[in-house]
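The structure under discussion appears below in the form of structure tokens.
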Amino acid sequence: MDLKNRIVMPPMVTRYGSENGFVTERTRNYYEARARGGAALLIVEATYIHPYGHAFPNQLGISDDGFIPGLGELVQVIHRHDAKAAIQLHHGGRTAKSELTGMPSVAPSPLAIPGGEVPRELTIEEIAQIVTYFARAAIRARKAGFNGVEIHGAHGYLIDQFLSRASNRRQDIYGGDLTNRVRFLIEIIKAVKEAAGRDYPVWCRINGQEYGVEEGTTLKEAQETARMAQEAGINAVHVSAFGPTSPVNLTSPAFRPAVIEDLATEIKKAVSVPVIAVGRISPEAGERILKEGKADLIAIGKTLLADPEFPDKVASGRREDITPCIVCMGCRDDLRSTTIAGIRCSANAALGKEAEYKITPAKRPRKVLVVGGGPAGMEATRVAALRGHRVILYEKEPVLGGQLLTATVSPHKDRIKPLAEYLKTQVKKLGVEINLGTEVTTVLVEQIDPQAVVLATGVTTFTPEIPGLNQAHPVHATDVLANRVAVGNRVVVIGGELVGCETAEFLAQKGKKVTITRRSPEIALGVKPSLRAFSLDRLRQEGVTLLPGITYQQVTPDGLVVTTKEGEKKTIAADNIVLAAGSTSNNKLYQEFEGKVPEVHLIGDCSEPRTIRDAIADGFRIACQL
Ligand SMILES: Cc1cc2nc3c(=O)[nH]c(=O)nc-3n(C[C@H](O)[C@H](O)[C@H](O)COP(=O)(O)OP(=O)(O)OC[C@H]3O[C@@H](n4cnc5c(N)ncnc54)[C@H](O)[C@@H]3O)c2cc1C
Ligand SMILES: Cc1cc2nc3c(=O)[nH]c(=O)nc-3n(C[C@H](O)[C@H](O)[C@H](O)COP(=O)(O)O)c2cc1C
Ligand code: SF4
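The working numbering puts the first residue of the sequence shown at 1, with every later residue one more than the last.
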């Protein structure tokens, strides 16, 4: 297979398919944007080879000839942009959902993943049948025009369940030593090669290591698996890592990119076929890995969700124009959601909306005033300016960024900084008139006389009513994070959501004795599911005391008096009380402006306090409507 460069888009389930697994227009638009953006090889997402292996709502299927025409159209849109198309063949095994498959899940052994169903152990006959399903799926892939197939042998799905000792307790020829555990994969490779043709490119994705899983796959075993897979006929190895029971995974902020890069390098020592490396690989790291011969191809995943034009932008030296992935795990959480229709991206509002969210020239370019230089205001400014509007941006602080300035302070949050930098760079590059350190008032608006106003004024922090609180001179969490105030050694944080937890961690790392208090029975309930456990773990490690479910009594000179959920009245000694009790929309200008300007729009947190993703989405949407 000849590729125009060494950038591969790895498989990523989107859930843009129809309910019964067919390619939709949304699927085609999404892949076409990534092909147009310059990636050389697009590996279409994990696609179920049999309905019983169905693991995600709206997952694509290749389990029947009826899927071929739709998949064929998908290949055509990818080929239109001189990119090659492959497809990942997948069976979820014990991760398949019985509500999707209509039958209990199956696996090498009846071992459930935490919180999952106990699967039924596959019989030898069933294993043989599944091998044929993979082979038939590969024939369909070839008929649809795919340039090759990737067999999904990683991430704790069926094949990996056989490979890993942690999930395979079989006593027969498919369990026990590595040769037996690899047998299922080898049979699949041989059957796929046989069915699709020896000349047809076939490779597999495997875990280079299963971190943090007792009896999980070791690097040595992965090297041996890769070697045996090569002997069976694969043309490349895609080296990933982690499984569903690993405490960290590739999308987690705790994941350190270099770790998995080394796994690819070690696997490369065991095989002679090309090796694909993956895992938060930056342009510099990608270039270095290739130059040093550590891997042959570089897979770029989430970054291509955030910016489909990443390859072209890197090639043409427009690095500052790349919309960065902020590793927020939002897309990952959308994967298993039953309420969200497909994955979304915090940094890129157009993900999955490629057809609707095109930036087109405005029919009537207008003078637009954007009030507030947080993510919502900057995104609205960027898109409106690209559309040809004359945009004037006002920010009352001396710098742009809004809450992003404090959202990037606490440990593990520097991952968000590139988004703030990107937005600032873009609005400056577009020649927008930016006015810093000026608070917009009705008088100023009348002077500017805009044709439309976009209000992106964020939030006002909320102060709860607790007797004695005001006399204790509490400080706001954002002021603490921004280093605008200093606090003593004993700190009580009121509020146990994202901001409270981050501030507590930030202070605990400075050696302070911190207690988080909140009325609700759980801490960090509003934090994304995949980040919550990570956040709570770190708070425990830092020795932060968590006191959920309390009733606030009063603040005295000695500290905060509360009644615990067990009914005990106690005083938590504190030098300072830090408020992280939430915020309300700062939308007071809305009423003032109504009737004074032709059009006023509220976006981001000033419409309702939410997240970066909502701020960016609102900014993009409103700028497209202007
Ligand atoms: C500590 C912290 C951590 C966070 N972490 C995350 C996270 O991990 N993930 C996530 O999704 N979200 C996070 N958030 C929330 C996220 O930052 C906000 O949802 C987002 O910034 C909202 O963007 P916005 O543009 O609507 O408002 P803001 O970011 O609040 O920006 C509003 C801007 O308007 C300016 N302004 C207000 N009034 C005027 C005026 N009259 N004239 C001129 N300018 C004015 C303000 O100075 C401000 O710069 C965090 C927030 C905080 C405080
Ligand atoms: C939304 C999402 C869906 C994914 N789906 C798949 C998949 O279908 N098959 C697979 O092997 N890996 C899947 N992955 C893992 C990616 O292929 C990739 O290995 C991972 O995101 C790390 O690469 P990155 O840091 O460049 O994003 C998915 C990741 C994300 C974020
Ligand atoms: S920014 Fe968040 S939602 Fe977007 S690709 Fe990165 S992790 Fe996924």
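Beta carbons are placed, not taken as given, at the ideal position from N, Cα and C, and that holds for glycine.
Residue 553 vs residue 564 beta-carbon contact at 8 Å: As a working mapping, residue 553 is identified with position 553 in the sequence shown. As a working mapping, residue 564 is identified with position 564 in the sequence shown. Contact check for residue 553 against residue 564 fails: the beta carbons are separated by 8 Å or more.
Beta-carbon contacts of residue 618 that lie in its chain and below 7 Å, excluding the five residues immediately before and after: Locating residue 618 in the sequence shown gives position 618, counting from the first residue. So the qualifying residues of the chain are 376, 603, 604, 607.
Per-residue DSSP class, three states only, for residue 587: As a first step, residue 587 must be located in the sequence shown, where it is residue number 587. In the three-state reduction of the DSSP assignment, residue 587 falls in the coil class.
Supposed close pair residue 5, residue 311 - CB separation, criterion 8 Å: Position 5 of the sequence shown, counting from 1, holds the residue named residue 5. Position 311 of the sequence shown, counting from 1, holds the residue named residue 311. Confirmed, Cβ separation roughly 7 Å.
Segment contact, 8 Å Cβ cut-off, at least three pairs: the region 347–364 with the region 72–81: Three or more Cβ pairs closer than 8 Å define a contact, and the region 347–364 falls short of that threshold against the region 72–81.
Distance cut-off 7 Å: residue 457 Cβ against heavy atoms of ligand 1: Here residue 457 corresponds to residue number 457 of the sequence shown, with the count starting at 1. Yes, since a heavy atom of ligand 1 falls inside the 7 Å radius drawn around the Cβ of residue 457.
Residue 236 vs residue 203 beta-carbon contact at 8 Å: If you number the sequence shown from 1, residue 236 lands on position 236. If you number the sequence shown from 1, residue 203 lands on position 203. Against a cut-off of 8 Å, the Cβ pair of residue 203 and residue 236 comes out as a contact.
Proximity of residue 108 and residue 117 at Cβ, strictly below 8 Å: Within the sequence shown, numbered from 1, the residue matching residue 108 stands at position 108. Within the sequence shown, numbered from 1, the residue matching residue 117 stands at position 117. Going by beta carbons, residue 108 and residue 117 fall outside the 8 Å limit.
Minimum C-alpha distance to residue 495 - residue among 341, 520, 199: Along the sequence shown, read from residue 1 onward, the residue named residue 495 stands at position 495. Residue 520 is the option with its Cα nearest to residue 495.
Contact the region 40–49 vs the region 2–22: 3+ CB pairs below 8 Å: Contact holds: three or more Cβ-Cβ distances are below 8 Å.
Residue 393 to residue 24 span [Cα, whole Å]: Sequence index remark: in the sequence shown, residue 393 carries index 393 (1-based). Sequence index remark: in the sequence shown, residue 24 carries index 24 (1-based). The alpha-carbon atoms of residue 393 and residue 24 are separated by roughly 39 Å.
Secondary structure of residue 31, DSSP reduced to three states: As a first step, residue 31 is located in the sequence shown; it is residue number 31 there, counting from the start. Under the three-state reduction of DSSP output, residue 31 falls in the helix class.
Proximity test, residue 411 beta-carbon vs ligand 2 heavy atom, cut-off 7 Å: If you number the sequence shown from 1, residue 411 lands on position 411. Look at residue 411: its beta carbon is at least 7 Å from all of the heavy atoms in ligand 2.
Closest by C-alpha distance to residue 609, when choosing among 587, 624, 22, 625: Position 609 of the sequence shown holds residue 609. The residue with the shortest Cα to Cα distance from residue 609 is 587.
Rounded separation between residue 388 and residue 59 - CA only: On the sequence shown, position 388 is the one that residue 388 refers to. On the sequence shown, position 59 is the one that residue 59 refers to. For residue 388 and residue 59, the distance between alpha carbons rounds to 39 Å.
Cβ-based burial, residue 20 [other Cβ within 10 Å; buried from 16]: The residue given as residue 20 occupies position 20 in the sequence shown. Residue 20 should be labelled exposed.
Cβ-based neighbour list, residue 68, same chain, cut-off 7 Å, excluding 5 preceding and 5 following: Translated into the one-based positions of the sequence shown, residue 68 becomes position 68. Apart from sequence neighbours up to five positions away, the residues of its chain that approach residue 68 with a beta-carbon distance below 7 Å are 140, 143, 144, ordered along the chain.
Inter-residue spacing [alpha-carbon to alpha-carbon] between residue 51 and residue 136: In the sequence shown, counting from the first residue as 1, residue 51 sits at position 51. In the sequence shown, counting from the first residue as 1, residue 136 sits at position 136. Just so you know, the alpha carbons of residue 51 and residue 136 end up roughly 13 Å apart.
Cβ-heavy atom distance, residue 529 to ligand 1, below 7 Å: For this step, residue 529 is matched to residue 529 along the sequence shown. Taking 7 Å as the cut-off, one finds no heavy atom of ligand 1 near enough to the beta carbon of residue 529.
Residue 333 and residue 528 closer than 8 Å at C-beta: In the sequence shown, the residue the question calls residue 333 occupies position 333. In the sequence shown, the residue the question calls residue 528 occupies position 528. Yes, they are a contact pair.
Touching by the beta-carbon criterion (3+ pairs, under 8 Å), the region 575–583 and the region 526–544: As far as the Cβ criterion goes, the region 575–583 does not touch the region 526–544, which means the pair count is below three.
Outcome for residue 614 when other beta-carbon atoms lying within 10 angstroms are tallied against a minimum of 16: For the purposes of this step, residue 614 is taken as residue 614 along the sequence shown, with counting starting at 1. By the Cβ neighbour-count rule, residue 614 is buried, with 16 or more other Cβ atoms within 10 Å of its own.
Cutoff 6 Å; reference residue 532; Cβ partners in own chain excluding five residues on either side: Sequence index remark: in the sequence shown, residue 532 carries index 532 (1-based). For residue 532, the CB contacts under 6 Å within the same chain, skipping 5 residues up- and downstream, are 524 in chain order.
Any alpha helix (DSSP H) of 4 or more consecutive residues that is wholly inside the region 388–426: The region 388–426 is shown to contain whole alpha helix (DSSP H) runs of 4 or more residues at 404–407, in chain order.
Segment limits, alpha helix (DSSP H) that includes residue 331: Locating residue 331 in the sequence shown gives position 331, counting from the first residue. Annotation for residue 331: the continuous alpha helix (DSSP H) segment containing it runs 330–335.
Among 131, 98, 370, 132, nearest to residue 120 - alpha-carbon criterion: Position 120 of the sequence shown holds residue 120. When only C-alpha atoms are compared, the closest one is 98.
Buried/exposed call for residue 712, threshold 16 Cβ in 10 Å: For the chain, the structure presents residues 1 to 626; residue 712 sits outside this window and is missing.
Straight-line Cα distance separating residue 181 from residue 233: Indexing the sequence shown from 1 puts residue 233 at position 233. Indexing the sequence shown from 1 puts residue 181 at position 181. Cα to Cα, the separation comes out at about 18 Å.
Neighbourhood of residue 101 by C-beta distance below 8 Å, restricted to the same chain and skipping five residues each side: Translated into positions along the sequence shown, residue 101 becomes position 101. 51, 52, 53, 54, listed in sequence order.
Chain-order list of residues whose beta-carbon lies under 6 Å from that of residue 328 (same chain, five-residue window excluded): Here residue 328 corresponds to residue number 328 of the sequence shown, with the count starting at 1. So the qualifying residues of the chain are 346.
Contact set for residue 425: own chain, Cβ-Cβ below 7 Å, skip 5 residues either direction: Working through the sequence shown from its first residue, we reach residue 425 at position 425. Around residue 425: 320.
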